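Student: Residue numbers for the sequence shown, in the working numbering: 300 to 739.
Here's a structure for you.
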Amino acid sequence: MARDSTRGDRPFRRPPFAPPVVDSPSRLAIRHALPAATAQAAYTGRMTNTSHSKALLAALRGSWRSWMDAEQPPAPVGWQIFWTFVWAGGFALVFTVIGFVATARTVADWLDGSTWGLWLGRNYIVSAIISFAIQGLFKLVFRWFGTAWLATLAGWRRTAFFSAIPLLGTAIGWPIGIALIYGRAPMVSALTSGMVISLAVVTLLMSLLFHLYFSLRHKEIKARMRANEAQLRLLQGQMEPHFLFNTLANVICLVDTDAARAKHTLEALTDYLRASLGSLRGDDSTLGAELDLAGRYLQLMQSRMDERLRFEIAADDALRRAALMPLVLQPLIENAVKHGLEPQVEGGTVRVKALRLAVDGRDSLQVCVEDDGAGLAAAANRPRRLVAGGADGNGIALANLRERLRSRFGAAARLTLSELEDGHGTRACLVIPWQDARAA
């Protein structure tokens with residue numbers, strides 16, 4: 300037990316908030332100089348300020364990525380306005396420097412603070428109007444056409460798009476900004492050669508920056524998507540041994556008691572393996588193929604769970620031609636069986652439904668997997684067994700699925716989990732932009 304040098308030989312009890320390790324000199328000083336309650340308040344305040352600072356930095360980084368990347372979930376309007384003003388400030392400084400390069404003749408001209416303030420203020424007004432015009436044009440285009448089609452732009456088409464929007468925004472915003480400054484719209488005849496050169500240079504610079512950023516972002520997304528698909532193929536190729544072994548063990552038991560059922564199970568296993576391996580060889584699939592694969596998987600699980608598992612798959616024939624990434628339904632159905640139905644003695648029913656609907660004005664495909672099992676709360680509290688890579692059922696499959704969807708469709712894709720209306724069971728719904736398989 301430590302001794303308090305300021306209190307003689309009386310024992311000094313360590314405050315409950317202090318870590319059980321050797322204290323730093325600063326913490327010791329605070330502890331000995333202040334009463335325990337005051338020291339605890341000081342320590343708690345420091346920790347609170349630290350957490351607030353980290354949260355603010357995380358919000359800044361996230362809002363900046365959202366402002367610069369249309370495929371990220373949109374940031375709150377306040378953050379979007381903030382970053383637009385910051386962006387405008389950077390270009391106002393560029394405008395001002397170019398103006399001084401074109402007009403300043405002496406060192407005194409460069410050191411004239413009043414002139415700097417005057418032109419920086421005027422250029423900030425013009426830059427802000429142009430920046431909001433460009434940002435508004437991007438928002439309108441992405442609202443009308445969505446963001447999924449950005450992945451299809453490559454080469455000169457991508458260059459043309461990310462150059463045309465800033466040019467058009469500059470053409471709209473520059474006259475408005477000049478009119479706000481001088482009280483009248485600028486006349487073409489009044490433009491000097493320096494103004495034209497400055498405007499052209501800054502516009503091309505803005506176009507180049509937008510093009511470079513989004514081109515690099517496009518390459519990054521493509522690389523991540525290829526890595527995710529490769530990882531998926533590896534994981535699916537290394538199918539969980541216990542699933543395959545349990546199925547084969549079930550077949551062995553059925554051979555002596557129900558030969559017809561054993562044959563049916565082997566046929567279902569063969570069809571499932573053939574279908575899943577076929578999906579691994581392609582980058583795209585169809586809703587029909589994925590529903591067939593889901594049906595074969597559920598038939599296999601039905602052979603193990605017998606009457607405890609029932610399933611329904613509902614989708615119009617017209618929907619089955621819709622393009623769908625391979626093996627995106629598999630983890631949703633596996634979760635429904637594993638976390639929803641298996642823990643229940645009576646089992647339950649898995650329902651797979653597909654619809655074509657409009658989401659945010661965009662033609663979309665919705666696929667929902669429902670079960671009347673234990674529900675989300677029970678699944679979260681279920682004891683986990685240790686498997687390779689960590690605890691079983693820790694959400695890795697859903698996290699990987701969300702990353703695949705974001706890499707392919709950006710913010711246009713959604714994956715939601717919710718309790719059913721009666722509070723018993725779970726619904727997992729996947730929404731992606733509609734694409735016909737023949738055009739995918």
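We put the CB at the ideal spot given by N, CA and C, even for glycine.
Predicted model, so just to flag it, every value in this text is computed and none were measured.
How many angstroms separate the CA atom of Gln-598 from the CA atom of Ser-575?
Tutor: Along the sequence shown, read from residue 1 onward, the residue named residue 598 stands at position 299. Along the sequence shown, read from residue 1 onward, the residue named residue 575 stands at position 276. Answer to the nearest angstrom: the Cα atoms are 14 Å apart.
Student: DSSP on Ala-710, reduced to helix/strand/coil?
Tutor: For the purposes of this step, residue 710 is taken as residue 411 along the sequence shown, with counting starting at 1. If DSSP states are grouped into helix, strand and coil, Ala-710 belongs with the helices.
Student: Can you tell me whether Ala-387 is buried or exposed, with buried defined as 16 or more other CB within 10 angstroms of its CB?
Tutor: Counting from 1 along the sequence shown, the entry for residue 387 is found at position 88. Buried, since its Cβ has 16 or more Cβ neighbours within 10 Å.
Student: How many angstroms separate the CA atom of Phe-610 from the CA atom of Glu-519?
Tutor: Counting from 1 along the sequence shown, the entry for residue 610 is found at position 311. Counting from 1 along the sequence shown, the entry for residue 519 is found at position 220. Looking at the two C-alpha atoms, the distance is approximately 40 Å.
Student: For the beta strand (DSSP E) that Arg-655 lies in, which residues bound it at each end?
Tutor: Looking up residue 655 in the sequence shown gives position 356. First-last of the beta strand (DSSP E) with Arg-655: 647-658.
Student: State the start and end residues of the unbroken alpha helix (DSSP H) segment that holds Asp-591.
Tutor: To locate residue 591, count along the sequence shown from 1; it is residue 292. That run of the alpha helix (DSSP H) goes 586-604.
Student: Over the uninterrupted beta strand (DSSP E) stretch that includes Asp-408, give me the two end residues.
Tutor: As a first step, residue 408 must be located in the sequence shown, where it is residue number 109. Looking at the DSSP string, Asp-408 is not in any beta strand (DSSP E); the run it does join, the alpha helix (DSSP H), is 406-409.
Student: Rounded to whole angstroms, what's the CA-CA distance from Pro-630 to Ile-428? Just pull it up for me.
Tutor: The count along the sequence shown starts at 1 and reaches residue 630 at position 331. The count along the sequence shown starts at 1 and reaches residue 428 at position 129. If you take the alpha carbons of Pro-630 and Ile-428, they lie about 48 Å apart.
Student: Straight-line CA distance for Tyr-481 to Ala-407?
Tutor: Residue mapping note: residue 481 aligns to position 182 of the sequence shown, counting from 1. Residue mapping note: residue 407 aligns to position 108 of the sequence shown, counting from 1. Rounded to whole angstroms, Tyr-481 to Ala-407 spans 27 Å at the Cα level.
Student: The alpha helix (DSSP H) that contains Pro-630, what's its start and end?
Tutor: Against the sequence shown, residue 630 aligns to sequence position 331. Its alpha helix (DSSP H) spans residues 629-634.
Student: Go ahead and label Ile-551 buried or exposed: buried means 16 or more other beta carbons lie within 10 angstroms of its beta carbon, across all protein chains shown.
Tutor: As a position in the sequence shown, residue 551 is number 252, starting the count at 1. So Ile-551 ends up on the exposed side.
Student: By a C-beta neighbour count over all protein chains shown, 10 Å radius and 16 as the cutoff for buried, is Leu-479 buried or exposed?
Tutor: Position 180 of the sequence shown, counted from the first residue, corresponds to residue 479. By the 10 Å Cβ count, Leu-479 comes out exposed.
Student: Could you give the DSSP three-state label for Ala-358: helix, strand or coil?
Tutor: Numbered from 1 along the sequence shown, position 59 holds the residue referred to as residue 358. Of the three classes helix, strand and coil, the one that applies to Ala-358 here is helix, per DSSP.
Student: Is the beta carbon of Leu-628 sitting closer than 8 Å to the one on Val-666?
Tutor: One-based indexing of the sequence shown puts residue 628 at position 329. One-based indexing of the sequence shown puts residue 666 at position 367. For Leu-628 and Val-666, yes; Cβs fall inside 8 Å.
Student: Residues in its own chain within less than 6 Å of Met-362 by CB, not counting five upstream and five downstream?
Tutor: The residue you call residue 362 lines up with position 63 of the sequence shown. The question names Met, but residue 362 in the sequence shown is Ser. Cβ within range, chain order: Ala-374, Trp-378.
Student: Quick check on Phe-544: buried or exposed, where buried means 16 or more other Cβ atoms within 10 Å of its Cβ?
Tutor: Counting from 1 along the sequence shown, the entry for residue 544 is found at position 245. Flag for Phe-544 reads exposed.
Student: Within 10 angstroms of its Cβ, does Ser-365 collect 16 or more other Cβ (buried), or is it exposed?
Tutor: As a first step, residue 365 is located in the sequence shown; it is residue number 66 there, counting from the start. Answer is buried; the Cβ neighbour count reaches 16.
Student: Taking only three categories from DSSP, how would you classify Ile-329?
Tutor: As a position in the sequence shown, residue 329 is number 30, starting the count at 1. Caution applies to Ile-329, whose pLDDT of 45 falls short of 50 and renders its modelled position unreliable; the model cannot decide the point.
Student: Specify the secondary structure class of Val-666 as computed by DSSP and reduced to three states.
Tutor: Taking the sequence shown and counting its residues from 1, the one referred to as residue 666 is at position 367. Strand.
Student: Across which residues does DSSP place Glu-611 in a beta bridge pair?
Tutor: Translated into the one-based positions of the sequence shown, residue 611 becomes position 312. Looking at the DSSP assignment, Glu-611 forms a beta bridge with Arg-650.
Student: Drop a sphere of 10 angstroms on the beta-carbon of Asp-670, count the other beta-carbons inside from all chains shown, and report buried for 16 or more, exposed for fewer.
Tutor: By 1-based counting over the sequence shown, the position of residue 670 is 371. It counts as buried.
Student: Three-state secondary structure (DSSP) at Ala-622?
Tutor: To locate residue 622, count along the sequence shown from 1; it is residue 323. It is a strand residue.
Student: Got a sec? Which residues, its chain only, sit under 7 Å from Leu-568 by beta carbon, not counting five neighbours each side?
Tutor: Here residue 568 corresponds to residue number 269 of the sequence shown, with the count starting at 1. These residues qualify, in order along the chain: Thr-546, Leu-599.
Student: Go ahead and pull the three-state DSSP assignment for Pro-465.
Tutor: The count along the sequence shown starts at 1 and reaches residue 465 at position 166. Look at Pro-465 here: in three-state DSSP terms it is helix.
Student: Taking the straight line between their C-alpha atoms, what separation do you get for Leu-392 and Gly-468?
Tutor: Counted from its first residue, the sequence shown places residue 392 at position 93. Counted from its first residue, the sequence shown places residue 468 at position 169. Using only the alpha carbons, I get a separation of about 19 Å.
Student: Along the chain, where does the alpha helix (DSSP H) that runs through Arg-442 open and close?
Tutor: The residue you call residue 442 lines up with position 143 of the sequence shown. Counting along the chain, Arg-442 sits inside the alpha helix (DSSP H) bounded by residues 412-444.
Student: Rounded to the nearest angstrom, what separates Gln-601 and Pro-732 at their Cα positions?
Tutor: Mapped onto the sequence shown, residue 601 falls at position 302. Mapped onto the sequence shown, residue 732 falls at position 433. Whole-angstrom Cα-Cα distance: 32 Å.
Student: Leu-729 lies in the beta strand (DSSP E); which residues open and close that run?
Tutor: Here the question's residue 729 lines up with position 430 in the sequence shown. Judged by DSSP secondary structure, Leu-729 falls within the beta strand (DSSP E) whose first and last residues are 725-732.
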